[in-house]
Amino acid sequence: MIFSIVVQAPPIQCQGAETALRFARALLDAGHSIHRVFFYRDGVHNGSALTCLPQDEVSIPEQWQALAREHKLDLVVCIAAAVRRGLINEHEAGRYKKAHWNLAEQFELSGLGQLVEACIQSDRVVTFGGRS
Amino acid sequence: MIFSIVVQAPPIQCQGAETALRFARALLDAGHSIHRVFFYRDGVHNGSALTCLPQDEVSIPEQWQALAREHKLDLVVCIAAAVRRGLINEHEAGRYKKAHWNLAEQFELSGLGQLVEACIQSDRVVTFGGRS
Amino acid sequence: MSAEGILIMTRAAPYGSSAARDALDAALTCSVFEQPVTLLFLDDGVFQLLKGQSPTEISQKNLNAVQQSLPLYDIERLCVSRSSLDSRGLGTDDLILPVEVVGDAELPQLLSQHRHVLSI
Amino acid sequence: MSAEGILIMTRAAPYGSSAARDALDAALTCSVFEQPVTLLFLDDGVFQLLKGQSPTEISQKNLNAVQQSLPLYDIERLCVSRSSLDSRGLGTDDLILPVEVVGDAELPQLLSQHRHVLSI
Amino acid sequence: MILHTLNQAPANTACFQSALSAMDEQDSLLLIEDGVYWALPAYSDQLASIPGRVFALEADIRSRGVGNSTLECIDDSGFVQLCVSHHKVVSWF
Amino acid sequence: MILHTLNQAPANTACFQSALSAMDEQDSLLLIEDGVYWALPAYSDQLASIPGRVFALEADIRSRGVGNSTLECIDDSGFVQLCVSHHKVVSWF
Numbered sequence: 001m002i003f004s005i006v007v008q009a010p011p012i013q014c015q016g017a018e019t020a021l022r023f024a025r026a027l028l029d030a031g032h033s034i035h036r037v038f039f040y041r042d043g044v045h046n047g048s049a050l051t052c053l054p055q056d057e058v059s060i061p062e063q064w065q066a067l068a069r070e071h072k073l074d075l076v077v078c079i080a081a082a083v084r085r086g087l088i089n090e091h092e093a094g095r096y097k098k099a100h101w102n103l104a105e106q107f108e109l110s111g112l113g114q115l116v117e118a119c120i121q122s123d124r125v126v127t128f129g130g131r132s
Numbered sequence: 133m134i135f136s137i138v139v140q141a142p143p144i145q146c147q148g149a150e151t152a153l154r155f156a157r158a159l160l161d162a163g164h165s166i167h168r169v170f171f172y173r174d175g176v177h178n179g180s181a182l183t184c185l186p187q188d189e190v191s192i193p194e195q196w197q198a199l200a201r202e203h204k205l206d207l208v209v210c211i212a213a214a215v216r217r218g219l220i221n222e223h224e225a226g227r228y229k230k231a232h233w234n235l236a237e238q239f240e241l242s243g244l245g246q247l248v249e250a251c252i253q254s255d256r257v258v259t260f261g262g263r264s
Numbered sequence: 265m266s267a268e269g270i271l272i273m274t275r276a277a278p279y280g281s282s283a284a285r286d287a288l289d290a291a292l293t294c295s296v297f298e299q300p301v302t303l304l305f306l307d308d309g310v311f312q313l314l315k316g317q318s319p320t321e322i323s324q325k326n327l328n329a330v331q332q333s334l335p336l337y338d339i340e341r342l343c344v345s346r347s348s349l350d351s352r353g354l355g356t357d358d359l360i361l362p363v364e365v366v367g368d369a370e371l372p373q374l375l376s377q378h379r380h381v382l383s384i
Numbered sequence: 385m386s387a388e389g390i391l392i393m394t395r396a397a398p399y400g401s402s403a404a405r406d407a408l409d410a411a412l413t414c415s416v417f418e419q420p421v422t423l424l425f426l427d428d429g430v431f432q433l434l435k436g437q438s439p440t441e442i443s444q445k446n447l448n449a450v451q452q453s454l455p456l457y458d459i460e461r462l463c464v465s466r467s468s469l470d471s472r473g474l475g476t477d478d479l480i481l482p483v484e485v486v487g488d489a490e491l492p493q494l495l496s497q498h499r500h501v502l503s504i
Numbered sequence: 505m506i507l508h509t510l511n512q513a514p515a516n517t518a519c520f521q522s523a524l525s526a527m528d529e530q531d532s533l534l535l536i537e538d539g540v541y542w543a544l545p546a547y548s549d550q551l552a553s554i555p556g557r558v559f560a561l562e563a564d565i566r567s568r569g570v571g572n573s574t575l576e577c578i579d580d581s582g583f584v585q586l587c588v589s590h591h592k593v594v595s596w597f
Numbered sequence: 598m599i600l601h602t603l604n605q606a607p608a609n610t611a612c613f614q615s616a617l618s619a620m621d622e623q624d625s626l627l628l629i630e631d632g633v634y635w636a637l638p639a640y641s642d643q644l645a646s647i648p649g650r651v652f653a654l655e656a657d658i659r660s661r662g663v664g665n666s667t668l669e670c671i672d673d674s675g676f677v678q679l680c681v682s683h684h685k686v687v688s689w690f
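One line per chain: the protein sequences are A, B, C, D, E and F, in this order.
Each residue of the first sequence is one higher than the one before, counting from 1 in this note's numbering.
Each residue of the second sequence is one higher than the one before, counting from 133 in this note's numbering.
Each residue of the third sequence is one higher than the one before, counting from 265 in this note's numbering.
Each residue of the fourth sequence is one higher than the one before, counting from 385 in this note's numbering.
Each residue of the fifth sequence is one higher than the one before, counting from 505 in this note's numbering.
Each residue of the sixth sequence is one higher than the one before, counting from 598 in this note's numbering.
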């Protein structure tokens, strides 16, 4: 079956991002395919390259990256939600004249259309939310 | 009177950061002093230098910066909460071997001790929260 | 049963969080991509449709303005929970747009009519 | 009335959000800075003290371990709302630490005894 | 003499109830952000059961189209004055 | 045939009530994250009023020390199977 996952929970303050990761792994283990993981609202922070954790903790962004590398996942971060929240790639940094950027590799900024397209292409769409 | 403000709300998804800003301005207008603004939990995102908004919107981080410049405010971002969430300054970038950083000027990373010290020094401590 | 289109369910009050605006953005995008879309307002989400909003003082964009453009975007159905309205003492006259009022007993059917349900 | 020290009020369940851990960190810091501190557990916050937590599968640190160290840090008072416990069917035997159970009628006084109240 | 602020809409009844239980008659409650929906007529009984005085932040009332409330509305400088006239501020969110 | 997931602890009664009102007897409810506290004995009446079947995510139950629940616990692969065996997934948070 074809799944898409929508992550609206930020990686640190809410558990939703971690639950989504475990769910994604279980999907792949069961032989299903993941059409896309779409990060919306505060969920965009899952795509941060600057997350710094103590050595005994694994960061959620790095786990998404590892999973994406292994399974060629399409990790799409809503561009409108992201730039408002200070999550940008090199291209947006140029556009907004910022000296730095912080979108992690494997993640891509794109529009809400990618969420709609994911709905069209997928048999199931599963949302993992925060609270606000 | 001496006030301190605690901001736990992120700048985009919740209104708390904007309410805190208006409250801070009203405090200064009334002649009170602000000992410190302490950003904790998802509130650390108020200190992002990479927030990009359309030209007709003013970013919350920039408003904090402008207020801090004008009134010499002490804007302290909880360092433990910040680095976990991917908000770092040049020094932390070096320590964690990151090529980029994103803490805005006027904001300073420091420990939770600064929250406790703010409580000790202030007549009133007012917290602005998010939800989760 | 042919389940078609996307239902966007929104349960939060406007302005206190960005959920209302984010749900609207998603609905408008569905429409741009010519996907049939229904908006369902539940719980505090019914406050999103209150008339007379004016959030300039809190530096936010007026949702009422966007909402009034919904018919132009072919957003086909705006559904509002009757029990959510009732418990808040609100009637359809208090709302900015004509809506379809949905009783609790009709909710399960409304959900099953759509291919996907997105909570925002 | 000499209001002294800091009351940290925490109302969220553990693990679903980081509030429990963030409140503990703040309380421990108060103690390091030799400020008298009281922790007040209200609403779903009382779940933070449930015995037998084991969050390794969800990649989080066990709060019970930190909680058991609280007496070593001279955290003087751990207060738990009686009505929050009651409505959840919990008793003090279910909790990891001995606590002071506070009735609703005593809440206003508890708040006024402290110089500052931080909600986390 | 505590000023309580509350920013949660009515679906979060637990937040409102807990704030209420923590108040005594010398305290005041200030409704802010989504908390101003409690000013609607449907909640007049709940508001009446609050032991102290109740205020609402004007900017939030106006923003949300919560009309003709009988509550005392204050602006940001009124918020500051309430902070000064009470001994401390407790935030409910 | 909808799978509903719910991640909110009992103070958020509105979330639970709305999920309930949206379910019919063919649907299932999966308690995840803080939602697993609804598996405590204190809430057995509320759970009994749910029209369909009710499950809880094992990892979340164990994490929180919510012991001896009579609910059917499933692991992540069980969660996946429920998604497949129902027509869609509706998240309540």
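By construction, the Cβ of each residue, glycine as well, lies at the ideal position given by its N, Cα and C atoms.
- Within the region 602-616 of chain F, Pro607, Ala608, Asn609, Thr610, Ala611, Cys612 and Ser615 place their CB atoms closer than 9 Å to a CB of chain E, listed in sequence order.
- Counting only runs that start and end inside the region 618-656 of chain F, the beta strand (DSSP E) elements of at least 3 residues fall at 625-628 and 650-654.
- Along the region 417-434 of chain D, going in chain order, the ones with a CB nearer than 8 Å to a CB of chain B are Phe417 and Gln419.
- When DSSP reads this structure, A:Ile2 sits in a beta bridge with A:Ser33.
- Residues of the region 562-590 of chain E with a C-beta less than 9 Å from any C-beta of chain D: none at all.
- Residues Gln317, Ser318 and Pro319 of the same chain have their beta carbon placed closer than 7 Å to that of C:Asn326, with the five preceding and five following residues left out of the count.
- The region 207-223 of chain B and the region 175-195 of chain B touch, with three or more beta-carbon pairs separated by less than 8 Å.
- CA-CA distance, F:Pro638 to F:Val663, rounds to 10 Å.
- Interface flag for E:Val558 against chain D is unset, since no Cβ pair is found closer than 9 Å.
- Going by DSSP, D:His500 is part of the beta strand (DSSP E) stretching over His500 to Ser503.
- Under the Cβ distance rule, D:Ala489 does not count among the residues neighbouring chain B, no pair being separated by less than 9 Å.
- D:Ala449 sits exposed, since fewer than 16 C-beta atoms from the chains shown fall within 10 Å of its C-beta.
- In this structure C:Ser376 is in contact with C:Ala267, their Cβ atoms being roughly 6 Å apart against a cut-off of 8 Å.
- Per DSSP, the continuous beta strand (DSSP E) segment holding A:Arg124 begins and ends at Arg124 to Phe128.
- For the pair B:Arg157 and E:Val540, the Cα-to-Cα distance works out to about 21 Å.
- Here C:Leu349 is not near C:Leu304, since their CB atoms are 9 Å or more apart.
- The three-state secondary structure of B:Phe155, taken from DSSP, is helix.
- Annotation for B:Leu185: Ser191 place their beta carbon closer than 6 Å to its own, counting only its chain and skipping 5 residues before and after.
- Taking all protein chains in view, the Cβ of A:His91 is surrounded by fewer than 16 other Cβ atoms within 10 Å, so the residue is classified as exposed.
- With the criterion set as a beta carbon lying under 8 Å from some beta carbon of chain F, the members of the region 23-50 of chain A are Phe23, Arg25, Ala26, Leu27, Asp29, Ala30 and His32, in sequence order.
- Three or more pairs of CB atoms, one per stretch, sit closer than 8 Å, so the region 407-423 of chain D contacts the region 390-399 of chain D.
- By the neighbour-count criterion, in which 16 or more other beta carbons inside 10 Å mark a residue as buried, D:Asp428 falls on the buried side.
- For B:Glu249, the secondary structure class from DSSP, reduced to helix, strand or coil, is helix.
- The beta carbon of B:Val257 is closer than 8 Å to those of Phe135, Ser136, Ile137, Val138, Ala250 and Cys251 in its chain, skipping five residues each way along the sequence.
- Under a criterion of Cβ atoms nearer than 8 Å, the residues of chain E adjacent to D:Ser503 are, in order, Val594, Ser595, Trp596 and Phe597.
- Per DSSP, reduced to three states, the secondary structure at B:Pro193 is helical.
- CA-CA distance, A:Leu109 to A:His100, rounds to 16 Å.
- The beta-carbon separation of B:Ala149 and B:Pro142, rounded to 7 Å, stays under the 8 Å limit for a contact.
- Shown here, B:His177 sits in a helix according to DSSP, grouped into three states.
- When C-beta atoms of the region 545-562 of chain E are compared with those of the region 521-535 of chain E, three or more pairs fall below 8 Å, so the two segments count as touching.
- E:Thr574 sits in coil when the DSSP states are folded into three classes, being neither helix nor strand.
- Linking B:Gly163 to B:Met133 through their CA atoms gives a straight-line distance of about 8 Å.
- Residues of the region 187-221 of chain B whose Cβ lies closer than 8 Å to any Cβ of chain C, in chain order: Glu189 and Val190.
- Around the beta carbon of B:Gly179, 16 or more other beta carbons lie within 10 angstroms, which makes this residue buried.
- For C:Arg352, no alpha helix (DSSP H) run applies, since DSSP gives it neither H nor E.
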